[in-house]
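**Student:** Heads up: the sequence lines are chains A and B, in that order.
For the first sequence, my numbering begins at 128 and goes up steadily by one.
For the second sequence, my numbering begins at 128 and goes up steadily by one.
Number of protein chains: 2
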Amino acid sequence: MERKSLAPGSSYFYYPRLVCVIGVRDEAKQTTNFAPVAWSTPLSSHPPLFGVCLSPATYSHHLVLATGEFTLNFLPHGEAGVAEQLGRLSGKRVDKVAQLSLALEGGEVIATPFLAVAYAAAECTLVERHQFGDQTLLVGEVLRVHVGADACDDNGVVRLDRIRPLLYLGSNRYVTTDAATVLQPSAAPG
Amino acid sequence: MERKSLAPGSSYFYYPRLVCVIGVRDEAKQTTNFAPVAWSTPLSSHPPLFGVCLSPATYSHHLVLATGEFTLNFLPHGEAGVAEQLGRLSGKRVDKVAQLSLALEGGEVIATPFLAVAYAAAECTLVERHQFGDQTLLVGEVLRVHVGADACDDNGVVRLDRIRPLLYLGSNRYVTTDAATVLQPSAAPG
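1. What separation, rounded to the nearest whole angstrom, lies between the Cα atoms of A/P316 and B/P292?
2. Among B/V191, B/P312, B/L270 and B/T263, which has the Cα closest to the Cα of A/T168?
3. Taking buried to mean at least 16 other C-beta atoms within 10 Å of its own C-beta, is B/Q183 buried or exposed?
4. Whose Cβ in chain A lies nearer than 8 Å to the Cβ of B/V224?
5. Rounded to whole angstroms, how far is the Cβ of A/V191 from the Cβ of A/V151, which I believe are closer than 8 Å?
6. Measure the beta-carbon distance from A/P203 to A/Y246 and round it to whole angstroms, keeping in mind my assumption that it falls under 8 Å.
7. Only counting the same chain, and skipping five residues up and downstream in sequence, which positions put a Cβ closer than 8 Å to that of B/A243?
8. Taking 8 Å as the threshold (C-beta atoms), are A/L181 and A/V209 in contact?
9. Report back the beta-carbon spacing between A/R256 and A/L265 to the nearest angstrom; my notes put them in contact at under 8 Å.
10. Quick one, which residues of the region 288-316 of chain A are near chain B if we go by CB-CB under 9 Å, in chain order?
11. Could you name each continuous alpha helix (DSSP H) segment of 4 residues or more that falls completely within the region 258-313 of chain B, going from the start of the chain to the end?
12. Whose CA, out of B/V269, B/R289, B/E268 and B/E235, lies closest to the CA of B/D277?
13. Is any beta-carbon of chain B found at less than 8 Å from that of A/T159?
14. Between A/L310 and A/L287, what straight-line distance do the alpha-carbon atoms span, to the nearest angstrom?
15. List the residues of chain B whose Cβ lies closer than 7 Å to the Cβ of A/D261, in chain order.
16. Taking only runs of the alpha helix (DSSP H) that begin and end inside the region 148-232 of chain A, which ones reach a length of at least 4 residues, in chain order?
17. With distances taken between CB atoms, is the gap from B/L176 to B/G267 smaller than 8 Å?
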């Protein structure tokens, strides 16, 4: 393959990635702040841990350390504009939920709500954090998961014929999956 | 939204995720082992760090600790069968590269090669590792990135009209993106 060799930081080669919106309560203002994160990953099955990268300079980072809990919110492709606005607005200055007229739903285990538009959401408590370069990896233990009644099949796999997950592509661009391309390779060598 | 409340571990709510194949040299056998990883994320921009989760029980984990370096390889959707086989075969028992007739390319900085079928690859040195639950997060510093000559646009964004990235959906299913759904929301509230 003809290739270009690039310095790190000059390409978005590790995208597309599922947009994960982190929700954190602002106890002083009695509001909940939501911020989109593209750098996140499951970390462990037993216990169920999920990691989210935030810059220590962000308001959400400050809030997570204060409350010790957060929600994860996964949005459909139609909400790309909401994700983009959640990233542009500063929760330090404005109540994003009020400004964007977002509906919230209460969880079962923690006090932090999740976004009603999320096709999947999870309640987490902060169990660890690690500084890696210019970001903090916030490690949450997943306590409870909430999915739309029709969002997953019997195996727990997201039904892409019904849900169009919002993926971030870099440089303020978003995309979703093509349900017609789902495949399950056989066990025989391809 | 009508919802189901689930215990963690009973759904693949955090998929789809880009398949990242980790390449690690096996110095004793003079081969390179490749294993697909779905749990990975960029961790920092300055310095450029990328994290990959591996079970401490895997052969790749053992090899990374021995060599201190690895490559990241991102495959097109057409290689789903290869990704599936790389996950099923054990590098401890077989030479996956020979068995699957995979072509390799040499990097510039480290000794570990990458997969010729990868539309994007990166050379990394292991700089840190952390145990989170049942997985180790291996933290690599990205030293050099190699992309197909036509894989990225002038902004460094993957050209989905030319590249169809392989995403993992859970339960041995794979999918790719729909290039017709790329959008760039305006700065005005949605």
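Heads up, the beta-carbon is just placed ideally off N, CA and C, and yes, glycines get one too.
**Tutor:** Reading it off the structure:
1. The count along the first sequence starts at 1 and reaches residue 316 of chain A at position 189. The count along the second sequence starts at 1 and reaches residue 292 of chain B at position 165. Caution is warranted here: a pLDDT of 48 is assigned to A/P316, below 50, making its placement in the model unreliable, and the coordinate value is therefore given only provisionally. If you draw a straight line from the Cα of A/P316 to the Cα of B/P292, it is about 20 Å long.
2. Residue 168 of chain A sits at position 41 when you count from the first residue of the first sequence. If you compare the alpha carbons of B/V191, B/P312, B/L270 and B/T263 with that of A/T168, the shortest gap goes to B/T263.
3. Here residue 183 of chain B refers to the residue found at position 56 when the second sequence is read from its first residue. It should be pointed out that residue 183 of chain B corresponds to Pro in this sequence rather than to Gln. Its Cβ having fewer than 16 others within 10 Å, B/P183 is exposed.
4. Here residue 224 of chain B corresponds to residue number 97 of the second sequence, with the count starting at 1. Ordered by position in chain A, no residue passes the 8 Å Cβ test against B/V224, which lies about 13 Å from the chain.
5. Within the first sequence, numbered from 1, the residue matching residue 191 of chain A stands at position 64. Within the first sequence, numbered from 1, the residue matching residue 151 of chain A stands at position 24. Indeed they touch by this definition, with Cβ atoms about 5 Å apart.
6. For this step, residue 203 of chain A is matched to residue 76 along the first sequence. For this step, residue 246 of chain A is matched to residue 119 along the first sequence. Taking the Cβ atoms as the reference, A/P203 lies roughly 6 Å from A/Y246, within the contact range of under 8 Å.
7. Counting from 1 along the second sequence, the entry for residue 243 of chain B is found at position 116. Excluding five sequence positions before and after B/A243, the CB atoms of its chain that fall closer than 8 Å to its own CB belong to L229, A230, L231 and E232, given in chain order.
8. The residue labelled residue 209 of chain A in the question sits at position 82 within the first sequence. The residue labelled residue 181 of chain A in the question sits at position 54 within the first sequence. Going by C-beta atoms, A/V209 is not nearer than 8 Å to A/L181.
9. Start at 1 with the first residue of the first sequence, and residue 256 of chain A comes out as number 129. Start at 1 with the first residue of the first sequence, and residue 265 of chain A comes out as number 138. So it is a contact: roughly 5 Å between Cβ atoms.
10. For the region 288-316 of chain A, which is checked against every Cβ of chain B, the residues closer than 9 Å are R291, P292, L294, L296, G297, S298, N299, R300, Y301, V302, T303, T304, D305, A306, A307, T308, V309, L310, Q311, P312, S313, A314, A315 and P316.
11. As far as the region 258-313 of chain B is concerned, it has no whole alpha helix (DSSP H) run of at least 4 residues.
12. Here the question's residue 277 of chain B lines up with position 150 in the second sequence. The option with the nearest alpha carbon to B/D277 is B/R289.
13. Numbered from 1 along the first sequence, position 32 holds the residue referred to as residue 159 of chain A. So no, A/T159 is outside the interface.
14. Here residue 310 of chain A refers to the residue found at position 183 of the first sequence. Here residue 287 of chain A refers to the residue found at position 160 of the first sequence. About 12 Å.
15. Counted from its first residue, the first sequence places residue 261 of chain A at position 134. Residues of chain B passing the Cβ test: S171, S172 and H173.
16. Taking 4 residues as the minimum length, the alpha helix (DSSP H) runs contained wholly in the region 148-232 of chain A are 186-194, 207-215 and 223-226, in order along the chain.
17. Residue numbering aside, residue 176 of chain B sits at position 49 when the second sequence is read from its first letter. Residue numbering aside, residue 267 of chain B sits at position 140 when the second sequence is read from its first letter. Contact annotation: B/L176 and B/G267 have beta-carbon atoms nearer than 8 Å.
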